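K.L.:
Supplied in structure tokens, the structure appears directly below.
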Amino acid sequence: MTVSSTAASGSGEARPGRGRTGARGGDGPAVTSDPNGPGPAAAPRRIAPAERGATRIADRVVAKIAAQAAREVLGALPESGTAPHAAVTVHQDVARVRVSLELGYPSDLGAQCGAVRRQVAERVRALAGMEVPEVAVQIERLHSAHTGTADRGRIT
Numbered sequence: 000m001t002v003s004s005t006a007a008s009g010s011g012e013a014r015p016g017r018g019r020t021g022a023r024g025g026d027g028p029a030v031t032s033d034p035n036g037p038g039p040a041a042a043p044r045r046i047a048p049a050e051r052g053a054t055r056i057a058d059r060v061v062a063k064i065a066a067q068a069a070r071e072v073l074g075a076l077p078e079s080g081t082a083p084h085a086a087v088t089v090h091q092d093v094a095r096v097r098v099s100l101e102l103g104y105p106s107d108l109g110a111q112c113g114a115v116r117r118q119v120a121e122r123v124r125a126l127a128g129m130e131v132p133e134v135a136v137q138i139e140r141l142h143s144a145h146t147g148t149a150d151r152g153r154i155t
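In terms of numbering that gives the first Met the number 0, the sequence shown opens at residue 0 and continues consecutively.
Structure (structure tokens):
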């Protein structure tokens, strides 16, 4: 299979990226034409998948994945609580995640933090393909079940 690199208008100008790469235009192997010129002697050259380029996932996308994973674990937010948020540092294929959240009290804080760590690491690994050696969970605020929304003072 050869791929034409001439414009559809017939002007003969080369337009990179306009060729088709398979029967349906994108699902087959990448093929380029011989740079020496068109013709029957120009054999197509297949580009290996590893040489086609790389996909870079932005830190903020990984942070959104981590925050969503924390929300999945915690379920309903405490009354007047804010949703978990995350900060991520990515180096190559390794992500270090810090999740800040608010929890209800009394509850098993250690178990909730452990569940958040496991879920965040699993979801980032599955969706972004990155290793997650560290998930730091920071509890920003505890919401007591004994105080109402009007009374924000100490529990006595």
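Just so it is clear, CB atoms sit at the ideal spot from N, CA and C, and this is done for glycine as well. Being a predicted model, the structure only gives us computed values, none of them experimental.
Does the distance from the C-beta atom of Leu108 to that of Leu73 stay below 8 Å?
P.N.:
No, these two residues do not count as a Cβ contact at 8 Å.
K.L.:
In chain order, what residues of the same chain lie with their CB nearer than 6 Å to the CB of Ala163, ignoring the 5 residues before and after it?
P.N.:
Examination of residue 163 is not possible in this model, given that the chain is present from 0 through 155 alone.
K.L.:
Could you tell me whether the Cβ atoms of Ala114 and Val87 are closer together than 8 Å?
P.N.:
no
K.L.:
Assuming Leu76 is part of the alpha helix (DSSP H), what are its boundary residues?
P.N.:
From DSSP, Leu76 is part of no alpha helix (DSSP H); its letter is neither H nor E.
K.L.:
Would you call Pro105 buried or exposed, if buried means 16 or more other Cβ atoms sit within 10 Å of its Cβ?
P.N.:
exposed
K.L.:
Checking 8 Å against the spacing of the C-beta atoms, do Ala57 and His84 come in under that value?
P.N.:
no
K.L.:
Buried or exposed for Ala94, going by 16 or more other Cβ atoms inside 10 Å?
P.N.:
buried
K.L.:
So the alpha helix (DSSP H) Glu130 belongs to, where does it begin and stop?
P.N.:
Glu130: not part of any alpha helix (DSSP H); member of the beta strand (DSSP E) spanning Glu130 to Ser143, first to last residue.
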